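For the protein sequence lines, the chains are A and B, in the order given. Note that our numbering numbers the first sequence so that position 190 is 190, with each residue one more than the last. Note that our numbering numbers the second sequence so that position 70 is 70, with each residue one more than the last. Below is one structure; the comments refer to it alone.
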Amino acid sequence: MTRSSMVTSRRRKALRRANVPGLLTMLVLLGLWEILVRFGVTEFQFLPAPSAIARGAERLLRSGDLQGNLLHTLRVTTLGWLAAGLLGISLGLLLGLSNTAWRYSMASIEVMRAIPPVSLVPIALLVFGFSVRMELTIIVFVSAWPVLVNAIAGVRSVRAELVDVSRMLRLSRLAQIRKVILPGAMPSIVVGLRLAMSLSLVLAVVAEMIGNPSGLGHAVIRAQQALQPEDMFAYVLTIGMLGVALNTLLRFVSARVLPSLATGPGDAR
Amino acid sequence: MATRSRPARSFPPLRGLLPLVVLLVIWQAVGSERSPYFPTPSSWVGGLSTLAANGTLWRAAEATLLTFSMALVVATVLGALLGLLVGASKRADRALGPTLEFARALPPAAIVPIAVLLIGYDQRMKVTVVTFATIWPILLNARAGVRSLNPVLLDTAKSLHLSWMDSTRKCTMPALVPAILLGVRVAAPVALVITLLVEIITRVGGLGALIALSQRNYLSAQVYGLILVAGLFSFMVNGLVAALEASVLRRRMSR
């Protein structure tokens, strides 16, 4: 294969990956939405046309409101996610490595995990009031569970022979964890981290909606109560795009770190 | 690996409840009943009993269960239909893919204000939001189910000259129903959480609204008691779902 044909084939592949019909459908749907609203066919009083939403977004971008709120939510989400990840992985190692600890705690974890996470937001509000601390606490508390449970499962799924070999090689406990246990548990941990990321964003938005008065969640509610649907839709779309961006980033990084994961379920295109 | 053949999610040993029990006992011993933040576990019951006595609790539980089940039914029907569509046609799948992908990425909480503004503070709004959030696992499982349909099965139906009705009833449906039910299994716990979420944010009826109201009035014991009830609900849903999964798997095995 010549160099130029390789380039064109790569370009063709990129084009095929770009999914033109998919994007076209999106555009057609947007156009349909615009027309329906323009001609007043919809019964919804507060449904703005896509063009109006775009103008709203532009105004918010120019005033800097969008960036400010986005930055707040992004910061809190990633911070909470990192803390939840650290907490979940370290506790997961502990409980996964010790059979006794597992036996004497797993049932408690299952019970605690069954409590619907959103119902804990009011408690966080009671304890911390309307503050960033409340937002962070709720994010960490909720997002740590999937990491913890997946880390435990991952550690426990590391094959016994591998552990035996590491023992035969007289690896220290720390080296054993670093070289055998963690790599073996990593696929499962990454799944937990991904779940935690989407949970972190959701909980950040929820906490901002009913608790901490800042960030994208609060902006959405404020726009809704002020009957400014253009702003509200612009903020909601921003939240959606933030979710997609964080998810894609995480998927990209985990595919780099763990190539075997790249073709996991749900990634097939 | 003999232990691996047990059902995937059996409950861990019960002695694992010990830390939780110890925590609650210490809480009860050290805590104060009047604490605005951490009222003692015994006071939770008191908070609940006043709500139960005047019937508020039952009405709220009923409203939550109603929204939950209505949304789950709508999501199952819509999700299965959409899933069958994008599963059967590669073209439809590619065309709708990005739109569905983006809709799926929207956090359910962000949908709430839109639904409120377009529909208003009512039952329809609640069901819409919960449906929107729970449709995805059902859709994806139905899609996967269609994709994994054995072509031989369809060819057999064709060569036997089965009518469309018969081939749907005898070949396609038996192969697809388990896939859809597995989607429902994933969707049901989500539906409960989102129902509570909508109720907490909008305060339109149900347990969630009651929790939010109690919190606003600083009735801490009531908040904790209600969260306990929400936890019980979620435990029940998980139990039902596990039973559903077991029955689906058993039918699969017996075929």
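Where a beta carbon is used, it is the ideal one built from N, C-alpha and C, also for glycine. Please read these numbers as outputs of a predicted model, since none were measured by experiment.
Next item on the list: Given a cut-off of 8 Å, decide if residue 92 of chain B and residue 22 of chain A are closer than it, judged by their beta-carbon atoms.
Entry: For the purposes of this step, residue 22 of chain A is taken as residue 22 along the first sequence, with counting starting at 1. For the purposes of this step, residue 92 of chain B is taken as residue 92 along the second sequence, with counting starting at 1. No; because the gap between Cβ atoms is not below 8 Å, this pair is not in contact.
Next item on the list: Return the first residue and the last residue of the alpha helix (DSSP H) that residue 72 of chain A is part of.
Entry: Your numbering for residue 72 of chain A matches position 72 in the first sequence. Where residue 72 of chain A is concerned, the enclosing alpha helix (DSSP H) stretches over 65-97.
Item checked: Neighbourhood of residue 215 of chain B by C-beta, 7 Å cutoff - its chain only, sequence neighbours within 5 removed -> Your numbering for residue 215 of chain B matches position 215 in the second sequence. Cβ neighbours of residue 215 of chain B beyond the five flanking positions: 223.
Check: Cβ atoms of residue 17 of chain B and residue 149 of chain A: under 8 Å apart, would you say?
Finding: For the purposes of this step, residue 149 of chain A is identified with residue 149 of the first sequence, where counting begins at 1. For the purposes of this step, residue 17 of chain B is identified with residue 17 of the second sequence, where counting begins at 1. No, Cβ-Cβ distance for residue 149 of chain A and residue 17 of chain B is not below 8 Å.
Next item on the list: Compare the C-beta of residue 110 of chain A against all C-beta atoms of chain B and say whether one is closer than 8 Å.
Entry: The residue you call residue 110 of chain A lines up with position 110 of the first sequence. So, interface residue.
Check: Over what stretch of residues does the alpha helix (DSSP H) that includes residue 90 of chain B continue unbroken?
Finding: One-based indexing of the second sequence puts residue 90 of chain B at position 90. First-last of the alpha helix (DSSP H) with residue 90 of chain B: 90-105.
Item checked: Contact set for residue 237 of chain B: own chain, Cβ-Cβ below 7 Å, skip 5 residues either direction -> Counting from one through the second sequence, the residue named residue 237 of chain B turns up at place 237. If we look at residue 237 of chain B and ignore the five residues flanking it on each side, its Cβ neighbours are 188, 189 and 192.
Check: Does DSSP put residue 224 of chain B in a helix, a strand or coil?
Finding: One-based indexing of the second sequence puts residue 224 of chain B at position 224. Looking at residue 224 of chain B - three-state DSSP - the assignment turns out to be helix.
Item checked: Cβ of residue 37 of chain B within 8 Å of any chain A Cβ -> Within the second sequence, numbered from 1, the residue matching residue 37 of chain B stands at position 37. Closer than 8 Å to some Cβ of chain A, the Cβ of residue 37 of chain B qualifies, so yes.
Next item on the list: Figure out for me which residue from B/209, B/89 and B/175 has the closest Cα to the Cα of residue 249 of chain B.
Entry: By 1-based counting over the second sequence, the position of residue 249 of chain B is 249. Considering only alpha carbons, the answer is B/175.
Next item on the list: Run the CB neighbour count on residue 45 of chain A, radius 10 Å, all protein chains shown included, and call it buried at 16 or more, exposed below.
Entry: Taking the first residue of the first sequence as 1, we reach residue 45 of chain A at position 45. So residue 45 of chain A counts as exposed.
Notebook entry, point to check: How about the segment 169-185 of chain B and the segment 206-214 of chain B: do they share at least three Cβ pairs that are nearer than 8 Å?
Noted result: no
Note to self: Quick check on residue 179 of chain B: buried or exposed, where buried means 16 or more other Cβ atoms within 10 Å of its Cβ?
What the structure shows: The residue given as residue 179 of chain B occupies position 179 in the second sequence. Its Cβ being crowded by 16 or more others within 10 Å, residue 179 of chain B is buried.
Notebook entry, point to check: Is it the case that the Cβ atoms of residue 61 of chain B and residue 207 of chain B are separated by a distance below 8 Å?
Noted result: Sequence index remark: in the second sequence, residue 61 of chain B carries index 61 (1-based). Sequence index remark: in the second sequence, residue 207 of chain B carries index 207 (1-based). Yes. Within cutoff.
Checklist line | Buried versus exposed call for residue 164 of chain B [16 or more other C-beta atoms within 10 Å across all chains shown] | finding: By one-based count along the second sequence, residue 164 of chain B stands at place 164. When all chains shown are included, residue 164 of chain B counts as exposed.
Notebook entry, point to check: By the criterion of Cβ-Cβ separation under 8 Å, what are the contact partners of residue 103 of chain A in chain B?
Noted result: Residue 103 of chain A sits at position 103 when you count from the first residue of the first sequence. Near residue 103 of chain A (Cβ distances below 8 Å), the residues of chain B are 12, 13, 15 and 16.
Next item on the list: Could you spell out the range, first to last residue, of the alpha helix (DSSP H) harbouring residue 166 of chain B?
Entry: Your numbering for residue 166 of chain B matches position 166 in the second sequence. Its alpha helix (DSSP H) spans residues 164-167.
Notebook entry, point to check: If you draw a straight line from the alpha carbon of residue 109 of chain B to that of residue 166 of chain A, how long is it in whole angstroms?
Noted result: Here residue 109 of chain B refers to the residue found at position 109 of the second sequence. Here residue 166 of chain A refers to the residue found at position 166 of the first sequence. Looking at the two C-alpha atoms, the distance is approximately 47 Å.
Checklist line | Coil, strand or helix - residue 121 of chain B by DSSP | finding: Counted from its first residue, the second sequence places residue 121 of chain B at position 121. Coil, per DSSP.
Check: Rounded to a whole number of angstroms, what is the C-alpha to C-alpha distance between residue 249 of chain A and residue 34 of chain B?
Finding: Looking up residue 249 of chain A in the first sequence gives position 249. Looking up residue 34 of chain B in the second sequence gives position 34. Taking the straight line joining both Cα atoms gives about 47 Å.
Item checked: Top-ranked residue by Cα proximity to residue 132 of chain B, from B/143, B/220, B/194 and B/152 -> Position 132 of the second sequence, counted from the start, is the residue given in the question as residue 132 of chain B. It is B/194.
Next item on the list: Return the CA-CA distance between residue 151 of chain A and residue 245 of chain A, expressed in angstroms with no decimal places.
Entry: What you label residue 151 of chain A is simply residue 151 of the first sequence in a count that begins at 1. What you label residue 245 of chain A is simply residue 245 of the first sequence in a count that begins at 1. Taking the straight line joining both Cα atoms gives about 25 Å.
Next item on the list: State yes or no: is the C-beta of residue 139 of chain A within less than 8 Å of the C-beta of residue 54 of chain A?
Entry: For the purposes of this step, residue 139 of chain A is taken as residue 139 along the first sequence, with counting starting at 1. For the purposes of this step, residue 54 of chain A is taken as residue 54 along the first sequence, with counting starting at 1. Cβ distance not < 8 Å, so residue 139 of chain A and residue 54 of chain A don't count as in contact.
Notebook entry, point to check: Where does residue 225 of chain A fall in DSSP's three states?
Noted result: Here residue 225 of chain A is taken as the residue at index 225 of the first sequence, counted from 1. Helix.
Notebook entry, point to check: For chain B, is any of its Cβ atoms less than 8 Å away from the one on residue 249 of chain A?
Noted result: As a working note, residue 249 of chain A is residue 249 in the first sequence. Cβ-Cβ to chain B under 8 Å: no for residue 249 of chain A.
Margin query: Under 8 Å: do the segment 55-62 of chain A and the segment 228-235 of chain A share three or more Cβ pairs, one atom per stretch?
Written below: yes
Notebook entry, point to check: Can you tell which of A/132, A/79 and A/39 has the C-alpha that lies nearest to the C-alpha of residue 212 of chain A?
Noted result: In the first sequence, the residue the question calls residue 212 of chain A occupies position 212. The candidate whose alpha carbon is nearest that of residue 212 of chain A is A/132.
Next item on the list: Run down chain A in chain order and give the residues with a C-beta less than 7 Å from the C-beta of residue 211 of chain B.
Entry: Taking the first residue of the second sequence as 1, we reach residue 211 of chain B at position 211. Those within 7 Å of residue 211 of chain B in chain A are 119 and 122.
Note to self: Using a Cβ distance threshold of 8 Å, determine whether the segment 69-89 of chain B contacts the segment 196-204 of chain A, with at least three qualifying pairs required.
What the structure shows: no
Next item on the list: Just mark residue 151 of chain B as buried or exposed, buried being the case when its beta carbon has 16 or more other beta carbons within 10 Å.
Entry: Indexing the second sequence from 1 puts residue 151 of chain B at position 151. So residue 151 of chain B counts as exposed.
Item checked: Neighbour flag for residue 40 of chain B against chain A, beta carbons, 8 Å -> Along the second sequence, read from residue 1 onward, the residue named residue 40 of chain B stands at position 40. False, the Cβ-Cβ gap to chain A never drops below 8 Å.
Item checked: Residue from A/206, A/239 and A/256 whose Cα sits closest to the Cα of residue 120 of chain A -> As a first step, residue 120 of chain A must be located in the first sequence, where it is residue number 120. Comparing Cα positions, the closest option is A/206.
Next item on the list: Could you tell me whether the Cβ atoms of residue 39 of chain B and residue 24 of chain B are closer together than 8 Å?
Entry: Taking the first residue of the second sequence as position 1, residue 39 of chain B is located at position 39. Taking the first residue of the second sequence as position 1, residue 24 of chain B is located at position 24. The answer is no: Cβ separation not under 8 Å.
Checklist line | Chain-order list of residues whose beta-carbon lies under 6 Å from that of residue 145 of chain B (same chain, five-residue window excluded) | finding: Taking the first residue of the second sequence as 1, we reach residue 145 of chain B at position 145. Within the same chain, residue 145 of chain B has close Cβ partners 176 and 179.
Notebook entry, point to check: At a Cβ threshold of 8 Å, is residue 241 of chain B touching chain A?
Noted result: Here residue 241 of chain B refers to the residue found at position 241 of the second sequence. Not closer than 8 Å to any Cβ of chain A, the Cβ of residue 241 of chain B fails to qualify, so no.
Checklist line | Alpha-carbon spacing of residue 229 of chain B relative to residue 28 of chain B, whole angstroms | finding: For the purposes of this step, residue 229 of chain B is identified with residue 229 of the second sequence, where counting begins at 1. For the purposes of this step, residue 28 of chain B is identified with residue 28 of the second sequence, where counting begins at 1. So the two alpha carbons sit approximately 19 Å from each other.
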